[in-house]
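Following our numbering, the numbering of the sequence shown begins with -16 at its first residue and continues without gaps. Beta carbons are placed, not taken as given, at the ideal position from N, Cα and C, and that holds for glycine. See below for the structure under consideration.
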Amino acid sequence: MIQSAKTLSGSLELKAEVCVIGSGAGGAVVAKELAEAGRDVVLLEQGGYYTKEDFTQREEEMMPLLFEEMGQRSTEDGAILILQGRNIGGSTVHNLCYCFRTPRPIVEKWRREEGIVWTYEDLLPSFERVERMLHVQPIPEAQVNTLNRKIREGCEKLGFHGIVAHHNRVNCTSSGFCILGCPFDAKQSMALTYIPAADRAGARIFADCPVDRLETRGDRVTRVVGHVADAAGTVRGEVRVEAELVVLSAGAINSPQILLRSAVGGKGSTSIGKHLHLHPSVLLAGIYDEDIYGYLGIPQSYYVDEFIDLERNPDSGYIIMPIFGFPVATAAQLPGFGRTHARLMRSYHRMVGILVLLHDQSEGEVRLGSDGRPRIRYHLRPAEQALMAEGMRHCAEILFASGAREVVVPYHREPLWLKPGDDLFVIDRRGCRPGEIPLASTHPQGTCRMGEDPARAVVNSWGKSHELRNLFLADMGIFPSSLGAPPQITTAALADHIAHFIAAHWRKLVG
Ligand SMILES: Cc1cc2nc3c(=O)[nH]c(=O)nc-3n(C[C@H](O)[C@H](O)[C@H](O)COP(=O)(O)OP(=O)(O)OC[C@H]3O[C@@H](n4cnc5c(N)ncnc54)[C@H](O)[C@@H]3O)c2cc1C
Ligand code: SF4
């Protein structure tokens, strides 16, 4: 049974062998694997527990309910919107189901640069377990919708390489609004797969329980401290969990927040919150003469990997992806006012959205704000701004090659309205400077990175804190670098790998 503020009447004082914080791609996997290994597990999740009946697919209702900071989290300069889920299942309830294993050259890079002790082959059993649980399979051709087909058509004409990806959906009705939560239980999120399995294995799962800090003594975490708060934020009581081992999986922005609030300051602590990568993305829209109805069907099925070759260069490149924008979000992002804006919105059903997602070497930092909220700083290097602009030009080429009669590049001031035959290098000249065009991130990572050197990393190759002997981390924050691929399978596979390490070494770890 999953408890929440609806069923919890007051404060919680619990004892457990393991306390897991966060129920997304990292935390849900750890909770299930350790509960099945016979450990007594308590899982604390800050957000609520929602099921298909709650997912109304209305953005004005779902964004405030299900996302961090009501869907408005951003870098401190407001230039980059950061979307993260805040509910049982974390961001897996909202993601777009692309499933990719960790690129082998990235694992090699992690071994070379951060001394990671395991190999790509060592991760294979974890990939297989995770993919089985999430029902990963190829997207059927019949479910590639018109929007995705247009992008494929453009790529094929230009000779750009792309693929129809794998996904974790079962019996998908192609209703299209995946980001707002699936009302048909087709998306195999953590809330539908690992969390019920953890529950069956005896894990005690508590929604609406944000963790504030860890209490420590010497080199051990002694207690996890938080509170019970309902969806409106009203505090219902205190939460205190005494556990022999703690796994922090609150995501790449919140895990460092919890550590910084806990005033840890020993080995590995200098890197907490540093090395933030965002996989920043920027989007363009093409307008066609024919109907596209981008809101019908799986939003992302095709995936353009022409401009990333991690074997050749594991430190650079970008992916091009289709994107379908919700009506209000599209209206907010599209440029213009009054009649100009209305004219654009009248073409909503004839629009194809396309985005560039950067494998970023640029870095940022997450710090504690005076109001308790994270302060997220990120600097997109000029060379990477130029790379994104190059990607935007290729996006425009793809749209025109598949018949767009107009392409909109939504700079805040003086947006570009391009016609077939226009000089597309105008995009390179305008560039992609944060603050001048909307940027977004759904993949924040790297803020508590893994590595064998405590002077460079927060946790070791097994997610174990360099400072506190009974603290592990398992979320996207532990990536030692930008991943350069959609991250849910990597996050879940690393969590599986870490959970199996904990289970195998339990006595030594807690003794
Ligand atoms: C819109 C969107 C689309 C995406 N599309 C894809 C895709 O197609 N393919 C792909 O591979 N990846 C995709 N991703 C990314 C993928 O979902 C993430 O890689 C993955 O969910 C990260 O797992 P995590 O455990 O690090 O964080 P999350 O899944 O975000 O989980 C963290 C959990 O911790 C909880 N938490 C935070 N703070 C606290 C606290 N103080 N106390 C208790 N609990 C706390 C949060 O509420 C959340 O539930 C997408 C993400 C988004 C947002
Ligand atoms: S497209 Fe499929 S997975 Fe996405 S919300 Fe609709 S039914 Fe669910």
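Could you confirm whether any beta carbon from chain C is found closer than 8 Å to the beta carbon of residue i?
i: G61; result: In the displayed structure, chain C is absent; only one protein chain is listed.
Between the Cα of residue i and those of the options, spot the shortest distance and give me the residue it belongs to.
i: V24; options: E225, C165, A475, E435; result: E225
i: E221; options: S57, D195, G404; result: D195
i: H342; options: E367, D354, R56; result: E367
i: Y278; options: F309, S254, Y271; result: F309
i: R206; options: R416, A(-1), Y81; result: A(-1)
i: K92; options: Y103, H262, E380, I472; result: Y103
i: Q29; options: S(-13), M328, P469, R396; result: S(-13)
i: V211; options: G68, C82, I(-15), L(-9); result: L(-9)
i: P282; options: V247, L338, H260; result: L338
i: V208; options: C82, D411, I4, V349; result: I4
i: H118; options: L48, C82, E136; result: C82
i: R416; options: P108, S264, G10; result: S264
i: S172; options: S74, N154, V493, V392; result: S74
i: V153; options: L130, P123, I178, R132; result: P123
i: T474; options: S109, L66, F50, D202; result: S109
i: R295; options: R87, I306, S254, W445; result: R87
i: M334; options: G347, S345, F383, M371; result: F383
i: H517; options: P305, G21, S6, I(-15); result: Because the chain in this structure spans residues -16 to 494, residue 517 falls outside the shown range and cannot be described.
i: D274; options: K133, E435, R41, N443; result: K133
i: D213; options: H362, Y33, K257, A184; result: Y33
i: H258; options: D354, L243, R244, R439; result: R439
i: H426; options: P318, S345, P469, G159; result: P469
i: E97; options: C431, P398, G494; result: C431
i: F307; options: R244, I162, G467; result: I162
i: H395; options: E42, L340, S465, F320; result: F320
i: F160; options: D354, A379, S353, Y276; result: Y276
i: G374; options: V409, L351, R350, G352; result: V409
i: S(-6); options: T129, H260, P193; result: P193
i: G280; options: N131, L(-3), V441, Q120; result: N131
i: P121; options: H150, S238, P437, D436; result: H150
Please check the pair residue i and residue j, which I expect to be a contact at CB under 8 Å, by giving their CB distance rounded to whole angstroms.
i: L456; j: F189; result: Going by Cβ atoms, the distance from L456 to F189 rounds to 20 Å, so no, they are not a contact pair.
i: V147; j: V127; result: 6 Å
i: V76; j: G164; result: 5 Å
i: I71; j: I178; result: 6 Å
i: P463; j: I99; result: 7 Å
i: A486; j: L17; result: 6 Å
i: P51; j: Q67; result: The question names Pro, yet the displayed sequence has Glu at residue 51. Confirmed, Cβ separation roughly 4 Å.
i: S424; j: I65; result: 5 Å
i: G446; j: M433; result: 7 Å
i: L243; j: I255; result: 6 Å
Exposed or buried, residue i, counting other C-beta atoms within 10 Å across all chains shown (16 or more means buried)?
i: E389; result: buried
i: E44; result: exposed
i: G269; result: buried
i: D272; result: exposed
i: E503; result: Absent from the structure is residue 503, since the part of the chain shown begins at -16 and ends at 494.
i: V311; result: exposed
i: E198; result: exposed
i: Q471; result: buried
i: R69; result: buried
i: Q428; result: buried
i: P297; result: buried
i: G248; result: exposed
i: A325; result: exposed
i: Q55; result: exposed
i: G61; result: exposed
i: T176; result: buried
i: G216; result: exposed
i: V1; result: buried
i: T156; result: exposed
i: V204; result: buried
i: A180; result: buried
i: T58; result: buried
i: D354; result: exposed
For ligand 3, is there any heavy atom lying closer than 7 Å to the beta carbon of residue i?
i: R69; result: Ligand 3 is not among the ligands present in this structure, which contains only ligand 1 and ligand 2.
Within the structure, which residues are defined as neighbours of ligand 2 by a Cβ-heavy atom distance below 6 Å, reported in chain order? In chain order, the qualifying residues are R152, C155, T156, S157, S158, G159, F160, C161, C165, F167, A169, K170, I281.
Three or more C-beta pairs below 8 Å linking the segment 165 to 172 and the segment 401 to 408: By the C-beta criterion, the segment 165 to 172 is judged not to be in contact with the segment 401 to 408, since fewer than 3 inter-stretch pairs fall below 8 Å.
Decide yes or no for the touch test of the segment 285 to 294 against the segment 130 to 148: beta carbon pairs closer than 8 Å, at least 3 of them. Yes: the two stretches touch, three or more of their Cβ pairs being nearer than 8 Å.
Three CB pairs or more closer than 8 Å across the segment 351 to 364 and the segment 383 to 397: These segments do not touch.
May I ask you to verify whether the segment 477 to 493 touches the segment 5 to 21, counting CB pairs closer than 8 Å and requiring at least 3? Under the Cβ criterion (8 Å, minimum of three pairs), the segment 477 to 493 counts as touching the segment 5 to 21.
Please determine if the segment 438 to 452 and the segment 321 to 336 are in contact, where contact requires at least 3 C-beta pairs separated by less than 8 Å. Touching, no, given that fewer than three Cβ pairs across the two stretches are closer than 8 Å.
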